[in-house]
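The structure under discussion appears below in the form of structure tokens.
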Amino acid sequence: MRTVILRGLMLAAAGSALATGVAAAPANAAPVSAKPVSAVAAPALPSYETWLADVKTVTDQASAYLGTRLPASGSKPALVLDIDNTALQSKYKPYDATPTVLALARQAKAAGAAIFFVTARPGIIEGVTAVNLSAVGYTWTDIYTRPTFDFSDNQTLKTKARTDIERRGYTIVANVGNSASDLGGGHAERTFKLPDYDGRLD
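Read in order, the letters of the sequence shown are residues 3 to 204 in this note's numbering.
Structure below.
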């Protein structure tokens with residue numbers, strides 16, 4: 003598509019030159035050499051299998067922690083999950099659950115924890131997001147999305163959400179996400195960061 007657009011622009015420019023009387027280069031003119039443009043290609047993301055293995059390394063640690071932290075008598079424990087490239091495989095297999103994150107959510111729920119999703123997705127697609135999460139096997143207490151006209155950065159947005167979860171009487175025993183903005187700001191006993199490969203998997 004990009005090539006087609008560029009070709010169209012070139013043809014349009016040539017037509018404009020003819021229409022305004024600009025002479026075309028002689029047929030026997032020496033070709034003009036273009037200067038080489040150096041471009042550094044962005045590193046490719048790891049393979050799907052590598053990503054799953056890297057995620058599992060973190061979720062295994064989170065699972066071991068929840069195994070010692072839950073069940074928690076006398077409190078309302080909660081697990082907070084990001085959605086994109088955390089609960090769902092948004093980059094690799096859109097709309098599918100990330101297997102070990104789904105297993106972690108089920109482990110936490112079976113041990114008495116409430117599950118909350120905290121995402122920067124706009125509230126207008128919350129319904130569609132909920133259908134997707136339910137279809138792949140998640141159950142939860144609430145989903146926090148970005149309210150209309152809320153232009154705060156992602157970390158501020160998500161910190162506010164966790165603060166509200168605590169205001170409702172829950173103790174967030176673990177917060178899982180693949181971005182620093184998912185985890186920064188406190189309001190969780192432990193954080194577990196999934197791979198983002200230097201921001202390439204946002």
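C-beta: ideal position from N, C-alpha, C; glycine also.
Here the structure is a predicted model, which means the values were calculated and not measured.
When DSSP labels each residue in this structure, what does Lys95 get in the three-state scheme?
Lys95: coil per DSSP, three-state reduction.
Identify whether Val34 lies in helix, strand or coil by the three-state DSSP scheme.
For Val34, the pLDDT reaches just 44, beneath the cut-off of 50, and the residue's location in the model is therefore unreliable, although a value from the coordinates is still provided. Coil.
Kindly list the residues whose CB is nearer than 7 Å to the CB of Ala29, restricted to its own chain and excluding five residues on each side of it in sequence; keep chain order.
In this prediction, Ala29 has a pLDDT of 45, which is less than 50 and means its spatial position is unreliable; what the coordinates show is noted afterwards. So no residue of the chain qualifies.
In the segment 144-202, which residue ranges form an unbroken beta strand (DSSP E) of at least 3 residues, counting only runs that do not cross its ends?
Look at the segment 144-202 and you find these whole runs of beta strand (DSSP E), each 3 residues long or longer: 144-148, 173-179, 193-195.
Who are the near neighbours of Ser65 in its chain, counting only those whose CB is closer than 7 Å to its CB and skipping five residues on each side?
Leu106, Gln109.
Let me know the secondary structure DSSP gives Val82 once reduced to three states.
Here Val82 carries a strand assignment [DSSP, helix/strand/coil].
Short of 8 Å in beta carbon distance, which residues of its chain neighbour Arg148, apart from the five on each side in sequence? Order them along the chain.
In its chain, beyond the 5 residues on either side, Thr121, Ala122, Arg123, Pro124, Gly125, Leu159 have a beta carbon closer than 8 Å to the beta carbon of Arg148.
By DSSP's criteria, Ile117 is part of a beta bridge. Which residues make up the other side?
Ile117 is bridged to Leu81.
For Gln63, count the other beta carbons within 10 Å of its own beta carbon; 16 or more makes it buried, fewer makes it exposed. Which is it?
Result: exposed.
Which stretch, first to last residue, makes up the alpha helix (DSSP H) that contains Leu72?
Unbroken run through Leu72: none, as it is neither H nor E.
Looking at the C-beta of Leu196, does it have a partner C-beta in chain B at a distance below 8 Å?
Here there is only one protein chain, and chain B is not present.
DSSP three-state assignment for Ala122, whether helix, strand or coil
Note: Ala122 maps to strand in three-state DSSP.
Collapsed DSSP secondary structure at Leu47 in the structure displayed
Here Leu47 carries a coil assignment [DSSP, helix/strand/coil].
Pick out whichever of Phe194, Ala99, Val138, Val175 has its Cα sitting closest to the Cα of Ala2.
Only positions 3 to 204 of the chain appear in this structure, which leaves residue 2 out of reach.
Does the beta-carbon distance from Pro79 to Leu72 come in below 8 Å?
Cβ atoms of Pro79 and Leu72: closer than 8 Å.
With a threshold of 8 Å on Cβ separation, who are the neighbours of Lys95 within its own chain once the five nearest residues in sequence on each side are excluded?
So the list reads Tyr50, once near-sequence residues are dropped.
Can you name, in chain order, every residue of its own chain whose Cβ lies under 6 Å from the Cβ of Ile85, other than the five neighbours on each side?
Same-chain partners within the cutoff: Phe119, Thr121.
Does the beta-carbon of Thr59 have 16 or more other beta-carbons within 10 angstroms, so that it is buried, or is it exposed?
By the neighbour-count rule (16 or more Cβ atoms within 10 Å), Thr59 is not buried but exposed.
Extent of the continuous alpha helix (DSSP H) to which Leu90 belongs:
For Leu90, there is no enclosing alpha helix (DSSP H), as DSSP marks it with neither H nor E.
Backbone secondary structure at Gly129 - three-state DSSP:
In the structure shown, Gly129 sits in a helix (DSSP, three-state: H, G or I).
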